[in-house]
Each structure stands twice: as C-alpha cells, then as structure tokens.
Amino acid sequence: MSTKPRIKLDKKEAKKGDLVEVKALVAHVMESGQRKDKDGKPIPRMIINKFTCTVNGKQVFAADFEPAISANPYIQFKFRAEESGPVVLTWIDDNGEKIVGEEQIKVS
Amino acid sequence: MTLKISRRQALTIAAGAAAAGALAAAPGDAWAANDSQDLIKKFTGGKTAGKGRVKLDLPEIAENGNAVPMTVSVDSPMTRDNYVSDVLVVAEANPRGGVATFHFTPASGVAEANTRIRLAETQNVVAVAKMSDGSFFMDSKQVKVTIGGCGG
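Sequence order for the protein chains is A and B.
At position 83 of the first sequence the residue is numbered 83 (the numbering used here), and the sequence of numbers has no breaks.
At position 126 of the second sequence the residue is numbered 1126 (the numbering used here), and the sequence of numbers has no breaks.
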C-alpha cells in the first residue's frame, strides 16, 4: 500500500525561469467501483482521488483523479523554477491515506 | 453530439441496463447514463467553450483500454494575469464520464499534463480548459479501443 513513489525530475539544478519536468509513478490498485468479484458482488471503489505538487510550499500543480485513471497512476507535468527547495508530491486516496514523496531542486 | 434525452429517460435506461447486469457491455443507449455532458456544463457554468488552444494527445487506436496514454496541453503564456487555471477531461462512453481535472497555477510555467487513463470502449475524449479571464476552450479526440478497460 504505502510503497515509495518513484519520482524523477529531468534536472536537479535549474536556472531561474527554466521549466522542470516531473514524472511520478505510485503503486495503487485504483479500484474503479465498477467491477464485480466472482460472486457477483460489486468491489467497492478505492482510488487515489487527489494529487498535489508543491515547490517550497507553493502549489505548482494538482489533479483530481476519477476511477478512469489507470492502476498505478502515472503523472507527468512541469513547473517553472523560481527558488531552491523541496519538491513535495502528495497522493491521497479514498480512505484519506497519504503517500508522500520528496525531491530537491536547486535553482541558481 | 448531444442526444435529447430527459433526465427521467436517462435514469430509466440506466436502471434497465443495471438490472440486466450489462453495465459495461451494454451497447448503444447505455451511454445515455454517462454524465460527461453534465460535468462539462457544471465546469463551464453553462458557457460555451471555444475551439482551439487546447490540445489533446491520444493514440488513434488503443489496444489496451486499461492504460491509454493521454497528454493535454493548453496554449497560454502562464503569467500572473493570463493563465490556465483548470482543465477537465471526460470520456463520453465510460460508465462514468469523469476522468481527471488538472489544476494549474502561473508557477506551473506551462499548462501540460500527461497520465494514463481507462477507456471502456471506442469513444470521444473531451478536454475543456478554464482560462484565468473566465473563458473556456476545448478539444476532443476519438480513440478506437480494442480491449475495454473498465470491465470486471
């Protein structure tokens, strides 16, 4: 459940104003709530419904996920480098459980 | 493409399809239960979204509907006064229309996101972008799906 997410920044050091690309993959079943088990009972929905990314505490990107997002959700986006600091990625699932990953960006 | 079906009719069709236990497999009119048009209406507040500026990148043919790579990008300078704030993505023939909503800020630098989505069958995927000035733009793309990705 709470395996470590895999996060990759395309550069660890950036010049101010550069675009930094973030790729992240997290392990999660993303149970859609549409499937039935072998007895015909619906399998309850259990997905990551919220993803956020902050750089130095400021939100640069967020997403609301629906059941139509694939299992082990992959997300890729960019942000503009302004100042050095932690890049924090947070995933929250239907149970309110948080998965957090962190990288550092150095801006010169 | 908008079908004129009242809410009551839509509910009846949905209930019928559910009773038949054919939610994922029901062809044709089952997608009347899909709420993508309602989601778009709620997102835009009833405003009409213009064409252009939004680009939805999806494969023409997806062999596996369980994981279809999707990139959505919006042409915008992403400055403090002129940026894209939200992008809604819906699928018109999934059991439920919603796919994802992306939230951008001027600090995003560029309004672009990529993820992998589930598509139950061949259908249109629609992206609607909300600009900071309150205008809306959209793009849609048809994806042919060989193996559906929502069944069970």
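Just so it is clear, CB atoms sit at the ideal spot from N, CA and C, and this is done for glycine as well.
* To do: Assign residue 1045 of chain B to one of two classes, buried (16 or more other C-beta atoms within 10 Å of its C-beta) or exposed (fewer than that).
  => For the purposes of this step, residue 1045 of chain B is taken as the residue at position 45 of the second sequence. Exposed: under 16 other Cβ atoms inside 10 Å.
- Task: Decide yes or no for the touch test of the stretch 29-48 of chain A against the stretch 76-86 of chain A: beta carbon pairs closer than 8 Å, at least 3 of them.
- Result: Counting Cβ pairs under 8 Å, fewer than three are found: no touch.
Exercise for the section: Report buried or exposed for residue 54 of chain A, applying the criterion of at least 16 other Cβ atoms within 10 angstroms of its Cβ. Expected result: Residue 54 of chain A sits at position 54 when you count from the first residue of the first sequence. Residue 54 of chain A should be labelled buried.
Taking DSSP as the reference, what is the three-state secondary structure of residue 1039 of chain B?
By 1-based counting over the second sequence, the position of residue 1039 of chain B is 39. Three-state result, residue 1039 of chain B: helix.
**Request:** Determine, using beta carbons only, whether residue 1121 of chain B comes closer than 8 Å to chain A.
**Result:** In the second sequence, the residue the question calls residue 1121 of chain B occupies position 121. For residue 1121 of chain B, the nearest beta carbon of chain A is not closer than 8 Å to its own beta carbon.
Apart from the five residues just before and just after residue 1139 of chain B, which ones in its own chain have a Cβ nearer than 7 Å to its Cβ? Your numbering for residue 1139 of chain B matches position 139 in the second sequence. 1054, 1055, 1056, 1127.
Who are residue 29 of chain A's beta bridge partners in DSSP? Here residue 29 of chain A refers to the residue found at position 29 of the first sequence. Note: residue 29 of chain A sits in no beta bridge, so no partner.
- Could you spell out the range, first to last residue, of the beta strand (DSSP E) harbouring residue 85 of chain A? Taking the first sequence and counting its residues from 1, one reaches residue 85 of chain A at position 85. That run of the beta strand (DSSP E) goes 85-93.
Exercise. Got a sec? Which residues, its chain only, sit under 7 Å from residue 17 of chain A by beta carbon, not counting five neighbours each side?
Worked result: One-based indexing of the first sequence puts residue 17 of chain A at position 17. Hits under 7 Å: 80, 81.
Just to make sure I have the definition right: I need the residues of chain A whose C-beta is within less than 7 Å of the C-beta of residue 1109 of chain B. Which are they?
As a working mapping, residue 1109 of chain B is identified with position 109 in the second sequence. Result: 19, 78, 79, 80.
Just checking my contact of residue 1118 of chain B with residue 1035 of chain B at CB under 8 Å: how many whole Å lie between their CB atoms? Reading the second sequence from its first residue, position 118 is the one you call residue 1118 of chain B. Reading the second sequence from its first residue, position 35 is the one you call residue 1035 of chain B. About 16 Å separates the two Cβ atoms, so there is no contact after all.
Under the assumption that residue 1072 of chain B contacts residue 1113 of chain B (Cβ atoms under 8 Å), give the Cβ distance between them as a whole number of angstroms. Numbered from its first residue, the second sequence carries residue 1072 of chain B at position 72. Numbered from its first residue, the second sequence carries residue 1113 of chain B at position 113. About 6 Å separates the two Cβ atoms, so the contact holds.
Item to complete: Could you please give the first and the last residue of the uninterrupted beta strand (DSSP E) stretch that includes residue 97 of chain A?
Response: Counting from one through the first sequence, the residue named residue 97 of chain A turns up at place 97. Unbroken run through residue 97 of chain A: none, as it is neither H nor E.
Q) From the DSSP output, which residues share a beta bridge with residue 1064 of chain B? A) Residue 1064 of chain B sits at position 64 when you count from the first residue of the second sequence. Residue 1064 of chain B pairs with B:1147.
Handout entry: Residue interval of the beta strand (DSSP E) (run including residue 1098 of chain B)
Key = Mapped onto the second sequence, residue 1098 of chain B falls at position 98. Its beta strand (DSSP E) spans residues 1098-1104.
Relative to chain A, which residues along the stretch 1078-1100 of chain B have a C-beta separation below 8 Å, given in chain order? Taking 8 Å as the Cβ-Cβ cut-off against chain A, the residues of the stretch 1078-1100 of chain B that qualify are 1078, 1091, 1094, 1095, 1096, 1098, 1099, 1100.
| query | For the stretch 22-39 of chain A, which residues have a CB atom closer than 7 Å to at least one CB atom of chain B, in sequence order? | reply | 32, 34, 35, 36
Next on the checklist: Any beta carbon of chain B sitting closer than 8 Å to that of residue 64 of chain A?
Outcome noted: Mapped onto the first sequence, residue 64 of chain A falls at position 64. At a cut-off of 8 Å, the C-beta of residue 64 of chain A has a neighbouring C-beta in chain B.
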